[in-house]
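S.K.: Residue numbers (the numbering used here), protein chains in the order written: chain A, 754 to 921; chain B, 51 to 234. We treat Cβ as the ideally placed atom computed from N, Cα and C, and that holds for glycine. Below: one structure in structure tokens.
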Amino acid sequence: MTQVAFSAFGGGMSLWSHRIIVERRQWMTSESFVTGLTVARLFPGPNQINMSVYIGSIFQGLPGSLAAVAGIILFPFTLLMLLGLAYFQVSAIAEVNRLLAGLAAAAAGMALSMGFKILDVYRTDYLALAIAVIVFVCLQGFRFPLIPVVLVAGSLAMSLYWPRGQRR
Amino acid sequence: MTAIQTWLQVVLTFLKLSLFSIGGGNTLLQAYHHEAVETFGWLTNRQFSDLYGLAEAAPGPSSMFAGLLGLGAGWKHGPVWALITGYSAEIAILLPSTVVMLIASVYWNRWRDSPWRIAFERGLGPVTLGILFSVSVTILKTANHSLVAYALSFMVCFFALKTKISPLVFIAICGLAGVLGFVR
Numbered sequence: 754m755t756q757v758a759f760s761a762f763g764g765g766m767s768l769w770s771h772r773i774i775v776e777r778r779q780w781m782t783s784e785s786f787v788t789g790l791t792v793a794r795l796f797p798g799p800n801q802i803n804m805s806v807y808i809g810s811i812f813q814g815l816p817g818s819l820a821a822v823a824g825i826i827l828f829p830f831t832l833l834m835l836l837g838l839a840y841f842q843v844s845a846i847a848e849v850n851r852l853l854a855g856l857a858a859a860a861a862g863m864a865l866s867m868g869f870k871i872l873d874v875y876r877t878d879y880l881a882l883a884i885a886v887i888v889f890v891c892l893q894g895f896r897f898p899l900i901p902v903v904l905v906a907g908s909l910a911m912s913l914y915w916p917r918g919q920r921r
Numbered sequence: 051m052t053a054i055q056t057w058l059q060v061v062l063t064f065l066k067l068s069l070f071s072i073g074g075g076n077t078l079l080q081a082y083h084h085e086a087v088e089t090f091g092w093l094t095n096r097q098f099s100d101l102y103g104l105a106e107a108a109p110g111p112s113s114m115f116a117g118l119l120g121l122g123a124g125w126k127h128g129p130v131w132a133l134i135t136g137y138s139a140e141i142a143i144l145l146p147s148t149v150v151m152l153i154a155s156v157y158w159n160r161w162r163d164s165p166w167r168i169a170f171e172r173g174l175g176p177v178t179l180g181i182l183f184s185v186s187v188t189i190l191k192t193a194n195h196s197l198v199a200y201a202l203s204f205m206v207c208f209f210a211l212k213t214k215i216s217p218l219v220f221i222a223i224c225g226l227a228g229v230l231g232f233v234r
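Below you can see the structure in the form of structure tokens.
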């Protein structure tokens with residue numbers, strides 16, 4: 754897991770973990786891996802962390818999951834904490850501030866691109882677009898807090914998308 | 051405010067938000083900004099966007115920003131408290147969602163025909179979409195203080211969508227532009 758975490762500079766993590774877990778180590782089938790990705794994306798929590806929980810639980814249940822999460826996050830997180838401490842120590846240095854201003858601009862651009870990527874999936878689904886616009890206006894326009902918006906819009910969206918009549 | 055009070059404030063805040071981080075980790079950015087800058091004043095606007103850039107550029111899962119915010123909140127009580135609060139913040143943001151994910155890993159296939167599962171799968175996506183765009187606007191406004199910075203962000207967004215260039219390249223170019231003083 755640590756191996757995956759360090760190869761995961763800025764995304765592409767699921768590709769790497771598939772290569773190591775399914776192809777090289779053969780810990781699980783590709784199908785079971787993809788199911789895991791779907792569940793990891795749907796449920797709250799960071800996708801990669803949720804994926805570790807899923808992979809860990811497949812072998813060892815709770816201890817496996819905890820070990821997997823610790824493995825994927827412990828080293829990178831400790832590194833980040835050290836960088837954070839360094840930031841608060843030296844933030845008076847102008848170059849550091851300028852570097853971070855550049856990094857933040859890049860990060861903001863990447864965050865925006867995520868929205869457009871998902872938008873593409875719903876291009877022809879007007880109900881989905883309407884829900885997204887309402888959520889956007891509530892958060893950005895009216896500045897409602899996230900928790901009530903998710904609770905209300907989430908239940909509304911679930912009832913609108915409730916399967917009717919069709920048998921699978 | 052004592053160190054313990056700050057710690058408690060941080061841990062409770064992230065425990066509360068954990069289950070609302072749907073669709074990945076980024077959906078919480080706006081809520082983070084609201085709590086860390088506006089409500090509790092753990093960080094300034096500038097520090098928030100600096101740390102966000104740092105978290106995105108560092109290796110590892112992109113969900114470790116909560117820990118950095120905790121670190122920032124604890125910093126005024128010294129580096130040891132900063133680290134304690136940082137690690138605690140990360141555990142707090144991950145714990146509730148990890149427990150739910152564990153349960154889901156075990157039961158998901160058994161719920162195959164449940165209407166709850168179908169409605170959940172279909173309904174959550176559009177909500178996430180709305181949140182992501184709102185979060186993007188907030189982070190654009192927080193991170194960027196000049197037209198050049200906005201232009202860089204929009205260019206990164208465009209090239210991230212239209213090409214397969216690695217995010218590392220964007221980070222390197224924008225970091226360099228920053229050091230050279232183009233981004234204010």
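I need the straight-line Cα distance from R772/A to E88/B, nearest angstrom please.
M.R.: Taking the first residue of the first sequence as 1, we reach residue 772/A at position 19. Taking the first residue of the second sequence as 1, we reach residue 88/B at position 38. R772/A and E88/B: Cα-Cα distance of roughly 43 Å.
S.K.: What span of residues does the alpha helix (DSSP H) with H83/B cover, start to end?
M.R.: By 1-based counting over the second sequence, the position of residue 83/B is 33. Note, H83/B: alpha helix (DSSP H), L79 to H83.
S.K.: Check whether chain B comes within 9 Å of A910/A, counting only Cβ atoms and requiring the distance to be less than that.
M.R.: For the purposes of this step, residue 910/A is taken as residue 157 along the first sequence, with counting starting at 1. Output row for A910/A: interface = yes.
S.K.: If you reduce the DSSP assignment to three classes, tell me which class Q779/A lands in.
M.R.: Taking the first sequence and counting its residues from 1, the one referred to as residue 779/A is at position 26. If DSSP states are grouped into helix, strand and coil, Q779/A belongs with coil.
S.K.: So, helix, strand or coil for Q59/B, using DSSP?
M.R.: What you label residue 59/B is simply residue 9 of the second sequence in a count that begins at 1. Three-state result, Q59/B: helix.
S.K.: Residues of chain B with CB closer than 7 Å to the CB of E848/A, please, in chain order.
M.R.: What you label residue 848/A is simply residue 95 of the first sequence in a count that begins at 1. Residues of chain B passing the Cβ test: V229.
S.K.: Counting C-beta neighbours from all protein chains within 10 Å, is the total for G128/B 16 or more, i.e. buried, or is it exposed?
M.R.: Mapped onto the second sequence, residue 128/B falls at position 78. By the 10 Å Cβ count, G128/B comes out exposed.
S.K.: Using a Cβ-Cβ distance under 9 Å, would H127/B count as near chain A?
M.R.: Reading the second sequence from its first residue, position 77 is the one you call residue 127/B. Chain A contact via Cβ: absent.
S.K.: Report, in whole angstroms, the separation of the C-beta atoms of L865/A and L190/B, which I expect to be a contact under 8 Å.
M.R.: As a first step, residue 865/A must be located in the first sequence, where it is residue number 112. As a first step, residue 190/B must be located in the second sequence, where it is residue number 140. With a beta-carbon spacing of about 7 Å, L865/A and L190/B fall inside the 8 Å limit used to define contacts.
S.K.: Going by DSSP, what residue range makes up the alpha helix (DSSP H) through L102/B?
M.R.: For the purposes of this step, residue 102/B is taken as residue 52 along the second sequence, with counting starting at 1. Strictly speaking, residue 102/B in this sequence is Tyr, with Leu absent from that position. Start and end: N95 to A107.
S.K.: Is DSSP giving D873/A helix, strand or coil here?
M.R.: By one-based count along the first sequence, residue 873/A stands at place 120. In this structure, D873/A counts as helix in the three-state DSSP scheme.
S.K.: Between the alpha carbons of T56/B and P165/B, how many angstroms are there, rounded?
M.R.: In the second sequence, residue 56/B corresponds to position 6, counting from 1. In the second sequence, residue 165/B corresponds to position 115, counting from 1. Answer to the nearest angstrom: the Cα atoms are 43 Å apart.
S.K.: At the 9 Å Cβ level, is G173/B part of the contact set with chain A, yes or no?
M.R.: In the second sequence, the residue the question calls residue 173/B occupies position 123. Chain A, which has a Cβ nearer than 9 Å to the Cβ of G173/B, makes this yes.
S.K.: Going by CA-CA distance only, name the one from G862/A, S805/A and A906/A that's closest to I774/A.
M.R.: Position 21 of the first sequence holds residue 774/A. Comparing Cα positions, the closest option is S805/A.
S.K.: Cα separation between I808/A and G231/B?
M.R.: One-based indexing of the first sequence puts residue 808/A at position 55. One-based indexing of the second sequence puts residue 231/B at position 181. The alpha-carbon atoms of I808/A and G231/B are separated by roughly 44 Å.
S.K.: State buried or exposed for V177/B, treating a residue as buried only when at least 16 other CB atoms are found within 10 Å of its CB.
M.R.: The residue labelled residue 177/B in the question sits at position 127 within the second sequence. Label assigned to V177/B: buried.
S.K.: I'd like to know whether the C-beta of V177/B is nearer than 9 Å to at least one C-beta of chain A.
M.R.: Position 127 of the second sequence, counting from 1, holds the residue named residue 177/B. A Cβ of chain A is located within less than 9 Å of the beta carbon of V177/B.
S.K.: Is S760/A helix, strand or coil by DSSP?
M.R.: Here residue 760/A is taken as the residue at index 7 of the first sequence, counted from 1. With a pLDDT of 39 at S760/A, under the threshold of 50, the predicted position of this residue should be treated as unreliable, though the coordinate-derived value follows. Note: S760/A maps to coil in three-state DSSP.
S.K.: Is the distance from the Cβ of S908/A to the Cβ of S155/B below 9 Å?
M.R.: In the first sequence, the residue the question calls residue 908/A occupies position 155. In the second sequence, the residue the question calls residue 155/B occupies position 105. No; because the gap between Cβ atoms is not below 9 Å, this pair is not in contact.
S.K.: Which one of L179/B, F170/B and E171/B has the shortest CA to CA distance from Y875/A?
M.R.: As a position in the first sequence, residue 875/A is number 122, starting the count at 1. Of the listed residues, the one whose Cα sits closest to Y875/A is L179/B.
S.K.: Cα-Cα, which of D100/B, I141/B and G120/B is closest to E848/A?
M.R.: One-based indexing of the first sequence puts residue 848/A at position 95. With distances taken between Cα atoms, E848/A lies closest to D100/B.
S.K.: From which residue to which residue does the alpha helix (DSSP H) around V150/B run?
M.R.: The residue you call residue 150/B lines up with position 100 of the second sequence. Here the alpha helix (DSSP H) through V150/B covers P129 to Y157.
S.K.: Please report whether the beta-carbon of W915/A lies at a distance below 9 Å from any beta-carbon of chain B.
M.R.: Along the first sequence, one-based indexing puts residue 915/A at 162. With 9 Å as the cut-off, W915/A counts as an interface residue toward chain B.
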